[in-house]
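Count along the sequence shown from 1, add 109, and you get the number used in this note's numbering. Every residue, glycine too, gets a C-beta built ideally from N, C-alpha and C. Some notes on the structure that comes next.
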Amino acid sequence: MIPKNACSTMRLSIALANGAIGDAEDWRWIHRNNKTFRPSLRELATVDYCFTFLRCPYSRLVSCFLDKIVSRRPDAWHFHELTGEIVDLPRLTFRRFCQEMMRPQIKHNNIHWRPQVDFLVYKTYDDLFSVEDFATASAALRDKIGLEIIDSRPMVRHDSSHYKLLPASKSFADTEIWQIEAIMLNGMRPNPVSFYDDELRSVVALAFAEDLKLYRCLFDGFGLFDAPKDKLEATA
């Protein structure tokens, strides 16, 4: 499973399906047992059905920034060290975060912003699903392998579903994270579209070119800048 691509939801669903936990309320188990259900090389070679989830690179990077950087989790301090602590962490902006992704030694150094193509095991998958079209994936997995998807968002709360999403008209590309943190503490969250201007769209398109090419090839029309406003707000 690729981090920031409905990873907690899938790990929770798989743990429940395999009897590792008896109830979704035990969701914290998945974070205490990160290595459980990690397949061996033999299992990877003999699997009957393989799938994974891809996500719009623009959406994934914003999700990572809000969840890991603005919240100042250990990943934020890891990023701070990787950049030589040039900018005080509270004063970091999304623009600077994206610009640093142009440096391979930073881009590939943390699983939460590392390119999605780095996690792909097979040349060909039975199914590649889009996070932005989760309903289709959920129905397919139920029909094909009997896996019931349990939405972890109300419990884990890593997403924007419990925030009031702000209008996309105000730009947050150059807003420092301490300011974004204050907004989020008041129950609001910037729209992911509002973090991008033309320059940043170009930077991310270059830094994550392989991810973007693959996503557009498979899921044209489902990306952050392809979807209608109501869809953007629902999947941020």
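Minimum C-alpha distance to residue i - residue among the options
i	options	result
L150	F243, Y231, E241, T245	Y231
H140	L229, A314, C116	C116
R137	W287, S278, S261, P213	S261
F317	T118, C159, V226, I111	V226
I178	E290, L323, V302	E290
T145	L125, D157, C159, F238	L125
I215	T118, H189, Y234, V196	H189
S311	N114, M211, N143	M211
D174	N295, F243, A129, K113	Sequence check: residue 174 is Phe here, not Asp. Comparing Cα positions, the closest option is K113.
N127	I254, H221, P213	I254
M53	P148, D135, D329, D157	With the chain covering only 110 through 345, there is no way to say anything about residue 53.
D197	W287, D329, L327	W287
N143	M119, D252, S180	M119
S180	D252, L323, L294	L294
D135	I292, D329, M264, G330	M264
Cβ shell of residue i (< 6 Å), same chain only, five flanking positions each side left out
i	result
F304	V171, F203, F281, A282
F334	none
F238	F162, A246
R223	H217
L321	P166, A314
T192	E209
H221	P112, K113, C173, K177, D184
As assigned by DSSP and simplified to three states, the class of residue i
i	result
M293	helix
K253	helix
L361	Summary: the structure shown does not reach residue 361, with the chain confined to residues 110 through 345, and so no result is reported for it.
I275	Per the sequence shown, residue 275 should be read as Leu rather than Ile. Coil.
E194	coil
S261	coil
M119	helix
W138	helix
A129	coil
D184	helix
P199	helix
L327	helix
E342	Note that E342 scores 38 on pLDDT, short of 50, meaning its location in the model is unreliable; the coordinates nonetheless yield the value given after this. DSSP places E342 in helix when its eight states are reduced to three.
L333	coil
Close Cβ partners of residue i (< 8 Å) along its chain, the five nearest in sequence each way excluded
i	result
E285	P199, R200, L201, T202
L309	F203, R204, C207, A282
R325	G332
R306	It should be noted that the sequence gives Asp, not Arg, for residue 306. Excluding sequence neighbours, D306 sits near S280, A282.
V156	P148
K327	Residue identity check: residue 327 is Leu in the sequence provided, not Lys. L163, L237, S239, listed in sequence order.
E319	P224, V226
Same chain, Cβ closer than 7 Å to residue i, neighbours up to 5 away in sequence not counted
i	result
S122	L256, E257, I258, I259
M297	Y272, K273, L275
L153	V230
K279	S303
C159	Y231, Y234, D235
D339	Caution applies to D339, whose pLDDT of 45 falls short of 50 and renders its modelled position unreliable; the model cannot decide the point.
* Asked: Going along the chain, which unbroken runs of the beta strand (DSSP E) with 3 or more residues stay wholly within the region 153 to 180?
  -> 160 to 163
* Along the chain, which unbroken stretches of the alpha helix (DSSP H) at least 4 residues long are found entirely within the region 206 to 251? -> 213 to 216
* Which ranges would you report for the alpha helix (DSSP H) in the region 278 to 322 if only whole runs of at least 4 residues count? -> 286 to 294, 307 to 316
* **Inter-stretch contact (C-beta, 8 Å, three-pair minimum) for the region 154 to 164 and the region 184 to 199** => no
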